[in-house]
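The working numbering applies: residue 949 is where the sequence shown begins, and numbers increase by one.
Note that beta-carbon positions come from the ideal geometry of N, C-alpha and C, so glycine has one too.
Input: a single structure, listed below in structure tokens.
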Amino acid sequence: MNDAIQNLKNAVAGSDNIVFFGGAGVSTESGIPDFRSADGIYNKKYDYPPEKILSYSFFMQHTSEFYRFYREKMLYPDAKPNKAHYALAKLEAEGKLKAIVTQNVDGLHHKAGSLNVLELHGSCSRNYCMTCGEVFPLEAIIQSDDIPLCPCGGIIRPDVVLYEESLDQRIIQKSIRAIATADVLIVGGTSLNVYPAAGLIDYYGGDKLILINKSETPYDRHANIIIRNSIGETLSVT
Ligand code: ZN
């Protein structure tokens, strides 16, 4: 076992106030590709780049096209949590992990049994009517074949933060509080290039910042421990 893994194990063993911050890389091991990465979900089947399709104005103007892309590229109803999700749920159950802050919208942390999950970008598992506010499960989106409609006639939209929309300030504040007061901060599966990831990490004031990512990040020089390996394998040794 190399030193970085041993240091990670020691940090986890010695703390009951761990916070995990994660991105798309946490879910790639569940078969959900990162739509921002070069070999991600963007291929030439659509006339617009994903960032454009996943924007609020596109949703409002081309709702049908939005849902065609969204169903094909954003929804993975059969995806299962992987070793990383389960390892984090176990650490929370043991009283060691206090919060998960995630950029993912796939709901896999909840599926793995985690309770305190701060979903910065919302969740595909939650949907609501834009007219009356009625809430709907994922099935309402999957089972409709064009624009999903509420019985009231309103359009159902996913409770995810689209481009051009602002993040939920309550979630941001809870995330800042968790990160600022954490003893150990484990950051995994994110290149830390996407707003507001990097800004949130800045609130951490401790000396146990652990980065688990296959490629370099702008935060590597701030990290106390860097692990370049699979996040699932890495976390399952803790
Ligand atoms: Zn409605």
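S1073: member of the beta strand (DSSP E) spanning 1070–1077, first to last residue.
Residues of the same chain with a CB within less than 6 Å of the CB of K1031, apart from the 5 flanking positions on each side, are G1180, S1184 in chain order.
For E1113, the distance from the CB to the nearest heavy atom of the ligand ZN is not below 6 Å.
Annotation for I1173: the continuous beta strand (DSSP E) segment containing it runs 1173–1175.
By the beta-carbon neighbour count (other beta carbons within 10 angstroms, threshold 16), H1057 is buried.
Between G1043 and D964, the gap from beta carbon to beta carbon is short of 7 Å.
Look at which beta carbons fall closer than 5 Å to any heavy atom of the ligand ZN; those residues are C1077, T1079, C1080, E1082, C1098, C1100, G1102.
Contact between G971 and Q1051 holds, with the beta-carbon distance rounding to 5 Å and staying under 8 Å.
Taking the C-beta atoms as reference points, Y1167 is found nearer than 7 Å to L1140. Within a 10 Å sphere around the beta-carbon of P997 sit fewer than 16 other beta-carbons, which makes this residue exposed.
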